[in-house]
């Protein structure tokens, strides 16, 4: 395949064990891209708006969202779809992951992705490049995966070393294989009403999936997104707006962030600072999702 030289370590991971998920289909939930509603002011006195008690039982100060159960449900559905597709076509989906350098956090994220792929039946291929690789060398690897018919999705693990232009690299990834949703075409369509991206960034999509599966009312609710990173904060704001929430973004230069957050029905935190959002920042019944990556001591 074009794009690989002697300096690139390529590891192809097959399916080492049989997929144990059944073909179970989970119930249908609303699209994470939001309802197709007109952007007009329509007064209504009979709109059904579930109360917070549906999520936080009376007398309970907080309820933990069971993300593992939801993840298992999603994996079961995907595994079933892959089994059916493979039975018809004889092929399974393939994911290529590109890692530049030896960042421990990047390696951890990649291992999580590889484990999830193996569980549902997705074949994976890893291309490891040295931290000193040139931009043209990286782009050649990306182009090679673009042209490989056995590869249906491409992930360029971020962040990249400073001498590499992330925006340029993401632009070279084929939009049809950009499963991270970072290509300008996909991000642009996510931000535009009436347009749909081919892929939505994974973490923001997971955030909305949690809210939808919990039955959280999003339309008309005050939502605060703490952080505005292009990977999490910004696309999460776009998705909440697509669901007709009233969205406020809080960032490092925002005055009185605790006062703004205290009025929110939904709070999404995208900051890598442990305990940044305190209990006195939140109003009773608020739904809080922490999407930051933090190292904390247990015990």
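In the working numbering, the protein residues as written are 10 to 308. Ideal placement from N, C-alpha and C gives every residue a C-beta, glycine not left out.
message: Using the Cβ count rule (16 or more neighbours within 10 Å means buried), how would you classify residue 113?
response: Taking the first residue of the chain shown as 1, we reach residue 113 at position 104. Answer is exposed; the Cβ neighbour count stays below 16.
- prompt: For the candidate residues 255, 218 and 224, whose alpha-carbon lies nearest to that of residue 77?
  reply: As a position in the chain shown, residue 77 is number 68, starting the count at 1. Answer by Cα proximity: 218.
Assigned secondary structure, residue 301 (DSSP; H/G/I helix, E/B strand, else coil): Here the question's residue 301 lines up with position 292 in the chain shown. Shown here, residue 301 sits in coil according to DSSP, grouped into three states, outside any helix or strand.
task: Note down, in chain order, each residue of its chain lying with its Cβ closer than 7 Å to the Cβ of residue 233, except the 5 sequence neighbours on either side.
output: The sequence position of residue 233 within the chain shown is 224, counting from 1. Closer than 7 Å at Cβ, skipping near neighbours: 257, 259, 269, 270, 273 and 276.
field: residue 176: first and last residue of the uninterrupted alpha helix (DSSP H) it sits in
entry: Against the chain shown, residue 176 aligns to sequence position 167. 175-181 is the span of the alpha helix (DSSP H), which, as asked, contains residue 176.
field: Residues of its chain near residue 209, where Cβ-Cβ distance is below 6 Å and the 5 sequence neighbours each way are ignored
entry: Position 200 of the chain shown holds residue 209. So the qualifying residues of the chain are 190.
field: Beta-carbon proximity check, residue 249 vs residue 74, cutoff 8 Å
entry: Counted from its first residue, the chain shown places residue 249 at position 240. Counted from its first residue, the chain shown places residue 74 at position 65. No, they are not a contact pair.
query: Which same chain residues, not among the five before or five after residue 204, have their C-beta less than 6 Å away from its C-beta?
result: Translated into positions along the chain shown, residue 204 becomes position 195. Answer for residue 204: 198, listed in chain order.
task: Kindly indicate which residue of 185, 264 and 193 has the alpha-carbon position closest to the one of residue 235.
output: Position 226 of the chain shown, counted from the first residue, corresponds to residue 235. It is 264 whose Cα lies nearest to the Cα of residue 235.
query: What number of angstroms, rounded off, separates the C-alpha of residue 109 from the C-alpha of residue 154?
result: Counting from 1 along the chain shown, the entry for residue 109 is found at position 100. Counting from 1 along the chain shown, the entry for residue 154 is found at position 145. Spanning the two alpha carbons is a distance of roughly 15 Å.
task: Put residue 258 into one of helix, strand or coil per three-state DSSP.
output: As a working note, residue 258 is residue 249 in the chain shown. Note: residue 258 maps to strand in three-state DSSP.
query: Whose C-beta lies closer than 6 Å to the C-beta of residue 140 among residues of the same chain, with five residues either side of it excluded?
result: Sequence index remark: in the chain shown, residue 140 carries index 131 (1-based). Excluding residues within five positions, the ones whose Cβ falls inside 6 Å are 110 and 170.
message: Going by DSSP in three states, residue 83 sits in which element: helix, strand or coil?
response: Counting from 1 along the chain shown, the entry for residue 83 is found at position 74. Secondary structure of residue 83 (DSSP, three-state): helix.
field: Residue environment, residue 284, which counts as buried when at least 16 other CB atoms sit within 10 Å
entry: Walking along the chain shown from the start, residue 284 turns up at place 275. Its Cβ having fewer than 16 others within 10 Å, residue 284 is exposed.
message: Whole angstroms are fine: how far does the CA of residue 156 sit from the CA of residue 220?
response: Looking up residue 220 in the chain shown gives position 211. Looking up residue 156 in the chain shown gives position 147. Cα to Cα, the separation comes out at about 37 Å.
task: Compare the Cα-Cα distances from residue 166 to each of 119, 229 and 201 and report the closest residue.
output: Taking the first residue of the chain shown as position 1, residue 166 is located at position 157. The candidate whose alpha carbon is nearest that of residue 166 is 119.
Beta-carbon proximity check, residue 160 vs residue 123, cutoff 8 Å: On the chain shown, position 151 is the one that residue 160 refers to. On the chain shown, position 114 is the one that residue 123 refers to. Taking 8 Å as the Cβ cut-off, residue 160 and residue 123 do not qualify as a contacting pair.
- prompt: Could you give the distance in angstroms between the alpha-carbon of residue 213 and the alpha-carbon of residue 227?
  reply: For this step, residue 213 is matched to residue 204 along the chain shown. For this step, residue 227 is matched to residue 218 along the chain shown. So the alpha carbons of these two residues sit roughly 15 Å apart.
task: Please report how far the alpha carbon of residue 182 lies from the alpha carbon of residue 278, in whole angstroms.
output: Counted from its first residue, the chain shown places residue 182 at position 173. Counted from its first residue, the chain shown places residue 278 at position 269. Going from the Cα of residue 182 to the Cα of residue 278 covers about 28 Å.
query: Does the distance from the CB of residue 251 to the CB of residue 243 come in under 8 Å?
result: Within the chain shown, numbered from 1, the residue matching residue 251 stands at position 242. Within the chain shown, numbered from 1, the residue matching residue 243 stands at position 234. Not in contact: residue 251 and residue 243 (Cβ atoms no closer than 8 Å).
- request: Would you give the residue range spanned by the alpha helix (DSSP H) that residue 197 belongs to?
  value: The residue labelled residue 197 in the question sits at position 188 within the chain shown. 193-200 is the extent of the alpha helix (DSSP H) around residue 197.
message: Please report the straight-line C-alpha distance between residue 87 and residue 117, rounded to a whole angstrom.
response: Looking up residue 87 in the chain shown gives position 78. Looking up residue 117 in the chain shown gives position 108. Each residue's Cα considered, the two are about 23 Å apart.
- prompt: So, are the CB atoms of residue 131 and residue 168 less than 8 Å apart?
  reply: Residue 131 sits at position 122 when you count from the first residue of the chain shown. Residue 168 sits at position 159 when you count from the first residue of the chain shown. Remark: C-beta atoms of residue 131 and residue 168 do not approach each other more closely than 8 Å.
message: Closest to residue 206 by C-alpha separation, out of 187, 216 and 173, would be which residue?
response: For the purposes of this step, residue 206 is taken as residue 197 along the chain shown, with counting starting at 1. Taking the Cα of residue 206 as reference, the smallest distance to any Cα among 187, 216 and 173 is reached at 187.
message: In this structure, how does DSSP classify residue 140 when only helix, strand and coil are distinguished?
response: Residue numbering aside, residue 140 sits at position 131 when the chain shown is read from its first letter. Shown here, residue 140 sits in coil according to DSSP, grouped into three states, outside any helix or strand.
- prompt: Which whole-angstrom value describes the C-beta separation of residue 126 and residue 92, a residue pair presumed to lie in contact below a C-beta threshold of 8 Å?
  reply: Here the question's residue 126 lines up with position 117 in the chain shown. Here the question's residue 92 lines up with position 83 in the chain shown. At roughly 14 Å, the Cβ-Cβ gap does not stay under 8 Å, so residue 126 and residue 92 are not in contact.
C-alpha gap between residue 3 and residue 289, whole angstroms: One cannot answer for residue 3 here, as it falls past the ends of the chain, which runs 10 to 308.
message: Using only the alpha-carbon positions, how far apart do residue 195 and residue 179 sit?
response: Here residue 195 refers to the residue found at position 186 when the chain shown is read from its first residue. Here residue 179 refers to the residue found at position 170 when the chain shown is read from its first residue. The alpha-carbon of residue 195 is positioned some 11 Å away from that of residue 179.
field: residue 215, enclosing alpha helix (DSSP H) - first and last residue
entry: Position 206 of the chain shown, counted from the start, is the residue given in the question as residue 215. For residue 215, the enclosing alpha helix (DSSP H) has its first and last residue at 211-222.
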